[in-house]
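Anchor point for the sequence shown: position 5 equals 10 in this note's numbering, and the numbering is continuous, going up by one each time.
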Amino acid sequence: MKFAYDDQNIFARILRGEIPNKTVYENDHALAFQDINPQAPVHVLVIPKGPYMSLDHFARDASPDEQLGFMQAVAEVCRISDLDDGFRAIANARAHGVQEVPHYHMHILGGRPLGRMLQG
Ligand code: AMP
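In structure tokens form, the structure reads like this:
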């Protein structure tokens, strides 16, 4: 798999400050912000600051510091968002995963029972 990152995608533009976002948490390697079209009471997106297209791209090519910083951001989002009753983390990738924005992002969803994992 070859990864060709498009730096005009909307999350790249958010990272450059060209588009506003509702930031929940930020560190050196990751940004977490509210999803613009929330599917649950808690719906936060965690993205790396580096140019990675998908989870498998990030897992393959991101440095240990980037990977640690990303997971620390996930931990902080879960802590801040009062998710003691549980949550779901989703990373859609490419066509079969129905990924709309080609910059790796993890959805953190919660705040209500979420039902079974997959429909259809
Ligand atoms: P995915 O299908 O996993 O690529 O999901 C992309 C997500 O990005 C969707 O849940 C959208 O609602 C969300 N989204 C798109 N544009 C923005 C934006 N400008 N700010 C916040 N979330 C966005």
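Think of the CB as a built atom: it goes at the ideal place given N, C-alpha and C, for glycine as much as any other residue. Nothing here was measured: the structure is a model prediction, and the numbers come from that model.
Proximity to residue i [Cα-Cα], best of the options
i, options, result
"Ser86", "Val49, His108 and Ile19", "Val49"
"Val47", "Gly91, Asp61 and Gln72", "Gly91"
"His34", "Met111, Asp70 and Ala96", "Asp70"
"Pro43", "Pro56, Tyr57, Val79 and Lys27", "Lys27"
"Tyr109", "Asn32, Val29 and Phe75", "Phe75"
Burial state of residue i (16 or more Cβ within 10 Å)
i, result
"Pro107", "buried"
"Ile41", "exposed"
"Met6", "exposed"
"Gly102", "exposed"
"Ala64", "exposed"
Beta-carbon gap between residue i and residue j smaller than 7 Å
i, j, result
"Lys54", "Leu20", "yes"
"Gly45", "Arg121", "With the sequence shown as reference, residue 45 is identified as Ala, and Gly is not the correct amino acid for it. No, these two residues do not count as a Cβ contact at 7 Å."
"Ala96", "Leu60", "yes"
Secondary structure of residue i, DSSP reduced to three states
i, result
"Arg93", "strand"
"Glu31", "strand"
Alpha helix (DSSP H) runs wholly inside the segment 49 to 98, at least 4 long, in chain order: The segment 49 to 98 is shown to contain whole alpha helix (DSSP H) runs of 4 or more residues at 60 to 66 and 69 to 85, in chain order.
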